[in-house]
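Note that the sequence shown covers residues 4 to 109 in the UniProt record's numbering.
Using N, Cα and C, we set each Cβ at its ideal position, and we do this for glycine too.
These numbers come from a predicted model, not from an experiment.
Scroll down for the structure; my scribbles are underneath it.
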Amino acid sequence: IKINIIDRDGVSHEVLAPTDMAMNLMEVVRSYELAPEGTIGVCGGMAMCASCQCYVLSETELPEMSDDEEAMLSEAFNVKENSRLGCQIQMTPEMNGLEVELAPES
Ligand code: FES
4 IKINIIDRDG VSHEVLAPTD MAMNLMEVVR SYELAPEGTI GVCGGMAMCA SCQCYVLSET
64 ELPEMSDDEE AMLSEAFNVK ENSRLGCQIQ MTPEMNGLEV ELAPES
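Next comes the structure, spelled out in structure tokens:
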């Protein structure tokens, strides 16, 4: 699928994300090196660091937040109404056209 990721410098990147590899959004960002190593995915995708926080800009339907994701976001910085943790969003075919912006590093 094609998704659009706006990096922390405001630059937009259209990237291809596989949906058959159980890859999450944080891993997609890392695989394209859209955020420096060590500033995203710090907890390894356990919903425990919020370094993968992003703002969802498209109307794309996403899976419901788990309690862990909700709890982490309630403690994170720069949280907005459209905040999600990238590591909790596994890429599926329905997400074609997803657009997200990476939250600032905190
Ligand atoms: Fe730590 Fe997503 S990588 S919360």
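Could you give the DSSP three-state label for residue i: helix, strand or coil?
i: Cys55; result: coil
i: Val103; result: strand
i: Leu28; result: helix
i: Arg11; result: coil
i: Ser34; result: helix
i: Ser77; result: helix
i: Glu17; result: strand
Cα separation between residue i and residue j?
i: Leu37; j: Leu19; result: 13 angstroms
i: Ala106; j: Asp10; result: 8 angstroms
i: residue 111; j: Thr22; result: This structure does not reach residue 111, given that the chain is present from 4 up to 109, and the question cannot be answered.
i: Gly48; j: Ser15; result: 23 angstroms
Which word fits residue i, buried or exposed, when buried means at least 16 other C-beta atoms lie within 10 angstroms of its C-beta?
i: Gly100; result: exposed
i: Val103; result: buried
i: Met24; result: exposed
i: Asn27; result: buried
i: Met29; result: buried
Strictly by DSSP, which residues pair up with residue i?
i: Ser86; result: Tyr58
Is any heavy atom of the ligand NAP found at a distance shorter than 7 angstroms from the C-beta of residue i?
i: Leu76; result: For the structure depicted, the ligand NAP is absent and the ligand set comprises only the ligand FES.
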